[in-house]
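Enquirer:
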């Protein structure tokens, strides 16, 4: 039995805004084995990016509540202070490729050096050794090794994204979080990058958390999929389970609204808009838009039910199964 | 010209001239020889990646940009280099555009009513009552009901989907014949896209509108457009009925595009998707011959020497590729 | 419009805005009060007219400084009377007697002495005026004998003299008084001083003091009576106002300058002038700059090129030499200064607005307006202008202190309009008259501080407006 490299339990994150407290992440729990990849899928405002930042404990100054357990390699990082996190955890155990990171590369420093920097600064590795490692990483992400001497403006979007991914791997983290890594890229470049990520998984046996609004893209990499809505995980299960037999009405509708090239179906949509996280609707957050809404849905929040095969669904429809949380 | 062709593009070229330094000028050949016909009531999807020229083509088609070469004939009239203000205004009544960004396409300082009234005021609708009627009808058409509730709001008070509908209402208010929709749903949540696209379809049927639908998402083209044109580096490489092109792609680029797009399928993570290497070359110096030859897995002798033209391979299905020239 | 109230709340959040708003309200209120209470031609009619201030002590600190001093400085006093205390019938002629009482209680002597007659009316023969002072030690000093003379006597109507312009006798420099005091000293104290010596010592010391052994004079405190006697032929002859000015060493709320001008009035008048110059300059140059920027950015092409080149050229012309040149030709009038500041102020805004417009031009809602058939003018006005308006407003406020400071600097260099009391003018005059070396702090500090204060007010407002205008600067809540 392999130890979970990541265990998240009851994560809550709220921000202070003009209108009141915004509960961006509510009671989120999941786990990740070594070499496993989890896709966190959801639409705008569902809390997926906030969850990612929470895992790195990179919280904005207006955070008003942050509770729960985040166990990385058996250690609860919620107890650690900032300097500990910086020293041992961030970038070393868990690293993140931010949304739009490829545009935040320093334009006046060669990309090879930017990748090598964490080694030189934090690990006191001598410069040429660090650059050698950078070369290795470039090879890993599919870039020619002599690119270490190029500047960001000399690279295309896809190449820059590979550089950023290389940067995140430089200290050999066990967990890599990717937040919409391909949303700014064309379809074909996206496919190239996804192929590269599949390679990385095999070669490094690294655990990946892949955050995206495109569930089809998640299917391209992820073993497990968590569907988020209104700051909560509505469904969590293996890719096979979630994609082929979605249990939560939202997951089902989301999958149904994706136009498919290779099969025919009636394209679906969900009328309405995502909930206001400052004043969420009472009961289940999806209930105003849910086609299967019935009596308890707007009165209390459904708990997370566990179905056969370890699948979790947050929906009263499954109360009938008689299983508790 | 046949009576039911509403828009004809004849070898349209749109080049951008960018000064570089003191004496040089770079020519960006965004659209480099596109010929298309659109029939009344038809919806045509223009599909391509960034740098394909699709956005420029859309804007050229409704004369937001003046083409550098070729002709645009709209409803029998040559509007390529139309200068007369009145005639231009007449044209604008009949051809409208819907934009990608639901927020940036609406002036944040104007109320919804002002935004929708502006086209009417410009085109001489002096009676306020009449304008109010038209506006309310257009809001109902886009399912923003009750209309009175929306008229006094400002764009930032509406959701993305609602703002996009306002953009559609604005395009509809002058009762146009032809609408260019530039990536109309790419900034809308996936679960709300189909709603907007169904709206387009119903408006198209109700008013016999002609739609030019520009997108990078080839899958939506399958569901919502009659015909599909695939663009690469300023040229149309394949054209035909949407389902036909997608199920039976002829051009190597079209096939590559289709292969690159994943459907939600758990098996995907176990297979490497066949992908064409490299990236789109610059439109300043397109490769000689067939522009796709630098990346094409089927490249052979003529490909880097002469440019292929669109030839018919099936009824209504055309490809520009030397592979089909042998026939 | 909720963005307006949002803007207002964003503006109000910072401390700087509150302070800035408070100051600008203060500035405005003071300016309004000044405009309502002071004559608008104050500058040319009074400030530039030294005669108006002749009765004031020169270069004196403010009167309230006495509250801080042990040894109080002598206060400036004008004692006057408009009705005779006594009328005597001398049989055929009359003697009208006016009495002025002066209570001298300081340890310094008055700085000067002036006798003033206003509105003298006589019917037949011109009267003769004599002035005496009776000291607390009962000694009598003869001050003045004045036979009224006038050319071309008018027999029928009464002669009215000194109505618009009082007759002043600057006793401190009056040779006949020197002679009278020389006699006085000899008669009363047996001291033989020549009239020249008297003028060297100073008439005030002799009139108001007691000579000491060592040749100095000790102030004689107590009540002094000034008797003004008018010998006239007609009973109806009269003097409207008889006054004696006992020059003090302090004066008023803000003191005086070397011409005796009341600095309080001068500085007060400077408020609306500063506001006017600042706002007029910045409003005009902002309007021009913004309009040209919008047109240049939106219309593009040749128009853009021309405007841009013009802006570049104007921007690079050195302002100061040109200002000197223009003031040399046209004279240092306020409107010349404003004109020059406007003509050279617009390019900065044009260049910035143009770049904002260039990026706005490609935004979707502008394209939508074009697609719908809107004319360029309509687009510039309804779509482009509202987007740049907040920035323009902030620029307007930012430019105002620049204008105020420019005017002050110009005045300080002597290029200003000397007829109007601006703070810069006052400072300039102070420096020219050596106020720094002579330690006339009340003349230098107030105008300097006011210039700074007014500039800071606008800067604070502009800083407060910045987060409203530039959303990226907004502090997270």
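Residue numbers (our numbering), protein chains in the order written: chain A, 2 to 326; chain B, 4 to 330; chain C, 784 to 1260. The beta-carbon is built from N, C-alpha and C at its ideal position, and this holds for glycine as well.
#1: Check the Cβ-Cβ distances between residue 285/B and every residue of chain A, and say whether any is below 7 Å.
#2: Start and end of the beta strand (DSSP E) containing residue 69/A?
#3: Would you say residue 67/B faces chain C, with C-beta separation under 7 Å as the test?
#4: What residues in the segment 836-851 of chain C bring their beta carbon closer than 9 Å to a beta carbon of chain B?
#5: Go through its chain and collect everything with a Cβ distance to residue 140/A's Cβ below 7 Å, but skip five positions before and after it.
#6: If I measure Cβ to Cβ from residue 158/A and keep anything under 6 Å in the same chain, skipping five residues before and after, which residues do I get?
#7: Give me the residue from 983/C, 986/C, 965/C, 970/C with the minimum Cα distance to residue 976/C.
#8: Check the Cβ-Cβ distances between residue 7/A and every residue of chain B, and say whether any is below 7 Å.
#9: Between the C-alpha atoms of residue 174/A and residue 93/A, what's the straight-line distance to the nearest angstrom?
#10: Check whether the Cβ atoms of residue 240/B and residue 256/B sit closer than 7 Å, and answer yes or no.
#11: Please identify, using Cβ separations under 8 Å, the residues of the segment 1146-1166 of chain C that lie next to chain B, in order along the chain.
#12: For a contact meaning CB atoms closer than 8 Å, what does residue 241/A contact in chain B?
#13: Taking 6 Å as the limit between beta carbons, can you name the residues of its chain near residue 946/C, skipping five residues before and five after?
#14: So, at 7 Å on beta carbons, what are the nonlocal neighbours of residue 1056/C in its own chain, with the 5 sequence-adjacent residues on each side left out?
#15: Is residue 122/B close to chain C, meaning its C-beta is less than 7 Å from at least one C-beta of that chain?
#16: Is it a yes or a no for the segment 1171-1179 of chain C touching the segment 1113-1129 of chain C, going by three-plus beta-carbon pairs under 8 Å?
#17: Residue 10/B to residue 85/B, Cα distance in whole Å?
#18: Examine chain B for any beta-carbon lying closer than 7 Å to the beta-carbon of residue 44/A, and answer yes or no.
#19: Give every residue of the same chain whose Cβ lies closer than 6 Å to the Cβ of residue 1163/C, excluding the five residues on either side of it in the sequence, and list them in chain order.
#20: Quick one: what does DSSP say residue 33/B is sitting in, helix, strand or coil?
#21: Within the same chain, show all residues whose beta-carbon is closer than 6 Å to that of residue 178/A, passing over the 5 residues directly before and after it, in chain order.
#22: Rounded to the nearest angstrom, what separates residue 839/C and residue 831/C at their Cα positions?
#23: Please report whether the beta-carbon of residue 129/B lies at a distance below 7 Å from any beta-carbon of chain E.
#24: Scan the segment 1205-1244 of chain C and note each continuous beta strand (DSSP E) run of 3 residues or more that stays entirely inside, going in chain order.
#25: Out of curiosity, what's the CA-to-CA distance linking residue 1199/C and residue 1212/C?
#26: Going straight from the alpha carbon of residue 130/A to that of residue 124/A, what length do you get?
#27: Evaluate contact between the segment 42-53 of chain A and the segment 22-34 of chain A, counting only Cβ atoms and requiring at least three cross-stretch pairs below 8 Å.
#28: Buried or exposed, going by whether 16 or more other CB atoms sit within 10 Å of the CB of residue 41/B?
#29: Of all Cβ atoms in chain A, is any one closer than 7 Å to the Cβ of residue 327/B?
#30: If contacts are defined as beta-carbon pairs under 8 Å, then residue 1151/C and residue 102/B qualify, I think. What distance do you get, rounded to the angstrom?
#31: For a test of the three-state rule: what should DSSP assign to residue 981/C, helix, strand or coil?
#32: Along the chain, where does the alpha helix (DSSP H) containing residue 23/A start, and where does it finish?
#33: Kindly say whether residue 311/A, judged by its beta-carbon, lies nearer than 7 Å to any beta-carbon of chain B.
#34: Taking the alpha-carbon positions, what's the residue 144/B to residue 212/B distance?
#35: So what does DSSP say about residue 1133/C, is it helix, strand or coil?
#36: Can you check whether the CB of residue 171/A is closer than 7 Å to the CB of residue 126/A?
Expert: Taking the geometry as given:
#1: no
#2: First-last of the beta strand (DSSP E) with residue 69/A: 64-73.
#3: Residue 67/B counts as touching chain C.
#4: Of all residues in the segment 836-851 of chain C, none has a Cβ within less than 9 Å of some Cβ in chain B.
#5: Beyond the five residues adjoining it in sequence on each side, residue 140/A comes within less than 7 Å, by CB distance, of 146 in the same chain, given in chain order.
#6: 186
#7: 965/C
#8: no
#9: 5 Å
#10: Taking 7 Å as the cut-off, the Cβ atoms of residue 240/B and residue 256/B count as close.
#11: 1146, 1147, 1148, 1150, 1151, 1152, 1153, 1154, 1155, 1156, 1157, 1158, 1161, 1165, 1166
#12: 269
#13: 902
#14: Here the set comprises 1203, 1205.
#15: yes
#16: no
#17: 15 Å
#18: yes
#19: 1077, 1081
#20: Residue state for residue 33/B is assigned as strand, using DSSP reduced to three classes.
#21: 53, 97, 210
#22: 15 Å
#23: Protein chains in the displayed structure are A, B and C, and chain E is not among them.
#24: For the segment 1205-1244 of chain C, not one full-length beta strand (DSSP E) segment reaches 3 residues or more.
#25: 11 Å
#26: So the two alpha carbons sit approximately 11 Å from each other.
#27: Here the segment 42-53 of chain A makes contact with the segment 22-34 of chain A; the two share three or more CB pairs at distances below 8 Å.
#28: buried
#29: no
#30: 7 Å
#31: Here residue 981/C carries a helix assignment [DSSP, helix/strand/coil].
#32: Counting along the chain, residue 23/A falls outside any alpha helix (DSSP H), though it belongs to the beta strand (DSSP E) covering 21-33.
#33: no
#34: C-alpha of residue 144/B to C-alpha of residue 212/B: approximately 14 Å in a straight line.
#35: helix
#36: no
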